[in-house]
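**Q**
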Amino acid sequence: MTKKDGSYYESATTGWSGNTATRTEPIDVVTGSGVRGTTYLYWQGDHLFELPISYWTNGHRWINSPGYVDGTADFSRPINPGCLECHASYVEPLSQDPSTNEYDRASLVTGITCERCHGPGLEHIARQKAGAAAGASQGILNPAHFSRDRQVDLCALCHNGTQRQSLAPAFTYIPGQPLSQYFRPLASATSDHPDVHGNQVGLLERSRCYLASSKMTCSTCHNVHAPEKQAVAYSTRCLTCHQWQSCPVSKKLGQAITKDCIDCHMPVEPTNVIVSDTADKEVRARMRNHWIKVYPEISDAYLKRTLAAHHQPAARSQ
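Using my numbering, you'd call the opening residue of the sequence shown number 22 and step up by one each time.
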């Protein structure tokens, strides 16, 4: 990884002494928030490819991009529209083939912008330029006015796992429309314990909290217009419905458990989707499970760990 004249590059050298070849490609596009890491893409004409090395925030190190074979340098993995639909706001494919990686480069809108949730803004701009009267339609969709199912669908576009089949081209989903018109779910081989990668909505919908409520949505806990909070902050959301005294662990730890509702009932787990083999070691992403329920092994470990810190005897939680 090098920097030259204000630009960044990845280079791979293959061969042996006296007979080597080096390939260098620029880092043109960065994907990922950096919370777990970042992956890099490069343009080859109008075609977009993934670079072989990614950055892993945990441990502050470079790793093979997930799925790349250790000991190789592959610059040929194409980036299809389905990838960009969740990692960018828009790009115009130059083919109707869902596996294409050919795009109008100038159309790429990086990041997750307002239009992903509020719909296209062209009409809104036109109305404002025309001096739209106060109270008149602003040409902007407001998810707060959607039904619960449509609000959840909006998040599920990118947070409902990878076990689904596209029914429409990428970037055609319109906020407020049923997501089932755009994707068909596929049966998962691990339906008893689905993978946590990008599957926050699917897991939430299995939760008793969600099933017992007519109003609970992703926004019940998350404010999409504010930076993400630390896990401890979300325990306060649990306590708007639940009494901490009803938790069996409270009999041993008292009110101290109010800081750890999330870690016990929404544990962080490894995913089988984002896995990197680097230098003969496996690097696996860990994500928070959104299936809210009792995890006996997790709560037992938490109880033992906390009591040990205070030198108290442990008792199995119920």
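Here a beta-carbon is modelled for each residue, glycine too, at the ideal position from N, C-alpha and C.
(1) Provide the residue(s) that pair with residue 250 in DSSP beta bridges, ordered along the chain.
(2) With 16 as the cutoff for other CB atoms within 10 Å, does residue 127 come out buried or exposed?
(3) With H, G and I counted as helix, E and B as strand and the rest as coil, what does DSSP make of residue 139?
(4) Could you name each continuous alpha helix (DSSP H) segment of 4 residues or more that falls completely within the region 138-203, going from the start of the chain to the end?
(5) Residue 267 and residue 278: beta carbons closer than 8 Å?
(6) Mind checking which residues open and close the beta strand (DSSP E) that includes residue 302?
(7) Terminal residues of the continuous beta strand (DSSP E) containing residue 45?
(8) Could you give the DSSP three-state label for residue 331: helix, strand or coil?
(9) Taking Cβ positions, are residue 207 and residue 174 nearer each other than 8 Å?
(10) What beta strand (DSSP E) runs, 3 residues minimum, are completely inside the region 69-101?
(11) Could you tell me the distance, in whole angstroms, from the CA atom of residue 339 to the CA atom of residue 324?
(12) Report all residues from its chain with a CB closer than 6 Å to the CB of residue 111; omit the five preceding and five following residues, and keep chain order.
(13) Kindly indicate if chain D contains any beta-carbon less than 8 Å away from that of residue 281.
(14) Identify every residue that forms a DSSP beta bridge with residue 65.
(15) DSSP puts residue 27 in a beta bridge; with which residues?
(16) Quick check on this structure: which residue in 264, 149, 222, 171 has the alpha carbon closest to the alpha carbon of residue 183?
(17) At 4 residues or longer, and completely inside the region 216-263: list those alpha helix (DSSP H) runs for me, N to C.
(18) With C-beta atoms as the reference, is residue 31 less than 8 Å away from residue 87?
(19) Run through DSSP, which three-state label would residue 277 get?
(20) Starting from residue 112, follow its DSSP beta bridges and name the residues at the other end.
(21) In the DSSP assignment, what residue or residues form a beta bridge with residue 385?
(22) Would you say residue 217 and residue 292 are within 8 Å of each other, going by their C-beta atoms?
(23) Given a threshold of 16 other Cβ atoms within 10 Å of its Cβ, counted over all protein chains shown, does residue 22 qualify as buried or as exposed?
(24) Apply the 10 Å Cβ neighbour rule to residue 195 and answer buried if 16 or more other Cβ atoms are within range, or exposed otherwise.
(25) Given residue 34, which residues of its chain have a CB within under 6 Å of its CB, disregarding the five upstream and five downstream residues?
(26) Determine the extent of the alpha helix (DSSP H) in which residue 284 is found, giving its start and end residues.
(27) Exposed or buried, which one is residue 244 when buried takes at least 16 other CB atoms within 10 Å?
(28) Take the Cβ of residue 109 as the centre, count every other Cβ of all protein chains shown within 10 Å, and call the residue buried at 16 or more, exposed below.
**A** According to the data block:
(1) In DSSP, residue 250 forms no bridge with anything.
(2) exposed
(3) helix
(4) 143-150, 169-180
(5) no
(6) 302-309
(7) 40-47
(8) coil
(9) no
(10) 74-77, 82-85
(11) For residue 339, the predicted model reports a pLDDT of 48, less than 50, meaning its position is unreliable; a value from the coordinates is still stated below. In a straight line, the C-alpha of residue 339 is about 11 Å away from that of residue 324.
(12) 130, 192
(13) Structure shown: chain D not included; a single protein chain is present.
(14) 68
(15) Partner(s): none; residue 27 has no beta bridge.
(16) 222
(17) 221-225, 229-232, 252-259
(18) no
(19) helix
(20) Bridge partners of residue 112: none, in fact.
(21) What is shown of the chain runs 22 to 339, which leaves residue 385 out entirely.
(22) yes
(23) exposed
(24) exposed
(25) 41, 43
(26) 282-286
(27) exposed
(28) buried
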